[in-house]
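In UniProt numbering, the protein residues as written are 1 to 196. Quick reminder that beta carbons are idealized off the backbone N, C-alpha and C, glycines included. Bear in mind that the values here come from a model prediction, so they are computed numbers and not experimental data.
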């Protein structure tokens, strides 16, 4: 019964907030409709992480936040990772959402090379269901913070919402959208029924 209710809740959430078409990491780097300067970077260790990280991209798109999405592998593209991190601030990025699975070094290494806030998303792994990813990302040494979110799709969506919340502190239009989103969530929850 609990599983059925949870599934219904998930479907309600997705229908309400993720009605836009699914994007793919091979699309243009900026996933926003307008050719505006990205405010949030969404990076992942592999294209296989897209199933999870697309939820961050979709949430940013829902709020109209200019963003980009790309693969930046910590282990296979370390020079690219360092270049991306070092250029993030000068390019105008205000937050980086970094998703990775397994050893999951991407968020931590990104944070080591930039002062732009890094939001880490643990991607579920085949053998340990993402617990390894979570431990890898959350256990950062003092002085190099990574804000770490839940494993999987919810974590990716919440990382984007967290970025939206940060940006909304200095963007009244975005703050209004965020308040409306919260109100819609409240109404959706109140409208839920149980099959009993």
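Who are the Cβ neighbours of residue i in its own chain at under 7 angstroms, not counting the five residues just before and after it?
i	result
residue 44	50, 53, 71, 99, 100
residue 138	148
residue 36	66
Rank the options by C-alpha distance to the C-alpha of residue i and give the top, closest one.
i	options	result
residue 166	146, 94, 141	94
residue 102	65, 127, 115	127
residue 210	182, 81, 79, 115	Since the first residue of the chain shown is 1 and the last is 196, residue 210 is not available in this structure.
residue 79	66, 109, 89	109
residue 134	104, 96, 163	104
When the Cα atoms are used, what is the spatial distance from residue i to residue j?
i	j	result
residue 141	residue 191	44 angstroms
residue 28	residue 184	Because the pLDDT at residue 28 is just 39, under 50, the model does not fix this residue reliably, and the value given afterwards should be weighed accordingly. Approximately 31 angstroms between the Cα atoms of the pair.
residue 87	residue 180	34 angstroms
residue 113	residue 85	6 angstroms
residue 144	residue 111	6 angstroms
residue 125	residue 82	25 angstroms
residue 151	residue 130	6 angstroms
residue 189	residue 195	15 angstroms
residue 164	residue 187	21 angstroms
residue 117	residue 76	23 angstroms
residue 198	residue 89	With the chain covering 1 to 196 only, the question about residue 198 has no answer from this structure.
residue 96	residue 162	11 angstroms
Per DSSP, what kind of secondary structure is residue i in: helix, strand or coil?
i	result
residue 122	strand
residue 40	strand
residue 191	coil
residue 137	helix
residue 182	helix
residue 99	strand
residue 144	coil
residue 5	Confidence at residue 5 is low in this model, with a pLDDT of 42, below 50, so the placement of that residue is unreliable and no value is reported for it.
residue 170	coil
residue 62	helix
residue 85	helix
residue 27	Annotation note: pLDDT 41 at residue 27 (below 50); position unreliable, coordinate value reported separately. Three-state result, residue 27: coil.
residue 69	strand
residue 56	helix
residue 116	coil
Residues in its own chain within less than 6 angstroms of residue i by CB, not counting five upstream and five downstream?
i	result
residue 177	63
residue 106	45, 74, 98, 100
residue 160	56, 59, 60
For residue i, I'd like the list of residues in its chain whose CB is within less than 8 angstroms of its CB, leaving aside the five on either flank, ordered along the chain.
i	result
residue 92	37, 38, 39
residue 169	175
request  = State whether the stretch 152–171 contacts the stretch 118–130, with contact taken as three or more CB pairs (one from each stretch) at a distance under 8 angstroms.
outcome  = yes
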